[in-house]
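Participant: According to my numbering, the sequence shown is numbered sequentially starting from 9.
We treat Cβ as the ideally placed atom computed from N, Cα and C, and that holds for glycine.
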Amino acid sequence: MLHATGEVNYEYYMAEMRKAGSLDDNIMIRPYLHNMPVALAAADLAVFRAGAIGLAELTAKGVPAVLVPYPYATANHQEFNAKAVEAAGAAKVILDKELTGEKLLEEIEKLLINDNQLQAMKKAAKSLGRPEAAAEIAQQALNLVRK
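(1) Suppose contacts are defined by Cβ-Cβ distances below 8 Å. Is Leu120 in contact with Asp52 by that definition?
(2) Which residues bound the beta strand (DSSP E) around Met9?
(3) Tell me the rounded alpha-carbon separation between Lys69 and Met9.
(4) Find the nearest neighbour of Leu63 within the set His42, Ala50, Tyr80 and His85, judged by alpha-carbon distance.
(5) Quick one, are the C-beta atoms of Val46 and Leu75 less than 8 Å apart?
(6) What three-state label does DSSP hand Leu75 in the structure shown?
(7) I'd like to check one pair, Phe88 with Ala73: are the Cβ atoms closer than 8 Å?
(8) Does the distance from the C-beta atom of Ala12 to that of Leu41 stay below 8 Å?
(9) Please report the distance separating the alpha-carbon of Gly29 from that of Ala141.
(10) Drop a sphere of 10 angstroms on the beta-carbon of Ala67, count the other beta-carbons inside from all chains shown, and report buried for 16 or more, exposed for fewer.
(11) Given this structure, state the Cα-to-Cα distance separating Ala81 from Asn17, to the nearest angstrom.
(12) In angstroms, rounded to a whole number, what distance separates the CA positions of Ala50 and Asn151?
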């Protein structure tokens, strides 16, 4: 398991994990992930917020997810994003107001023990992804410059 806590919460989270005796060799905790493509390439499942960039990264790599939309995002756009990805079959959504550790763990376990569902979600995520988008944008920019 790889968990990015965020810079602000890292020390607190590590202290809580030590107190609970939950640090294990198969758990990597980092304040920040500097190479998200590598992390996603190794992932079977991700737990993410539902911002556009994060969803673009997930779908470009074909990673199924449990999405927890940030409830204070402008015009609630993260919830709309998350529900669209869920409707396509690439994610499960847990609203922030409904989120508990138990509920999150239950959803993760359900997905990880059902390989058929996880593979279907992966296929759906890949179908949404545009891994070539950066190259296409660069090509369009070059085409404009050449005119």
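Facilitator: On the basis of the coordinates in this document:
(1) Walking along the sequence shown from the start, residue 120 turns up at place 112. Walking along the sequence shown from the start, residue 52 turns up at place 44. Yes, they are a contact pair.
(2) As a first step, residue 9 must be located in the sequence shown, where it is residue number 1. Met9 -> no beta strand (DSSP E), and no H or E assigned at all.
(3) The residue labelled residue 69 in the question sits at position 61 within the sequence shown. The residue labelled residue 9 in the question sits at position 1 within the sequence shown. In a straight line, the C-alpha of Lys69 is about 18 Å away from that of Met9.
(4) In the sequence shown, residue 63 corresponds to position 55, counting from 1. Considering only alpha carbons, the answer is His85.
(5) Taking the first residue of the sequence shown as 1, we reach residue 46 at position 38. Taking the first residue of the sequence shown as 1, we reach residue 75 at position 67. Their beta carbons are not under 8 Å apart, which means Val46 does not touch Leu75 by this criterion.
(6) Along the sequence shown, one-based indexing puts residue 75 at 67. DSSP places Leu75 in strand when its eight states are reduced to three.
(7) Against the sequence shown, residue 73 aligns to sequence position 65. Against the sequence shown, residue 88 aligns to sequence position 80. Not closer than 8 Å, so no.
(8) Position 4 of the sequence shown, counted from the start, is the residue given in the question as residue 12. Position 33 of the sequence shown, counted from the start, is the residue given in the question as residue 41. A contact, by the Cβ cut-off of 8 Å.
(9) On the sequence shown, position 21 is the one that residue 29 refers to. On the sequence shown, position 133 is the one that residue 141 refers to. Cα-Cα distance, rounded: 43 Å.
(10) In the sequence shown, counting from the first residue as 1, residue 67 sits at position 59. Reading off the sequence, residue 67 comes out as Thr, not Ala. Thr67 is buried by the Cβ-count criterion.
(11) Here residue 81 is taken as the residue at index 73 of the sequence shown, counted from 1. Here residue 17 is taken as the residue at index 9 of the sequence shown, counted from 1. So the alpha carbons of these two residues sit roughly 20 Å apart.
(12) What you label residue 50 is simply residue 42 of the sequence shown in a count that begins at 1. What you label residue 151 is simply residue 143 of the sequence shown in a count that begins at 1. Their Cα atoms are separated by approximately 35 Å.
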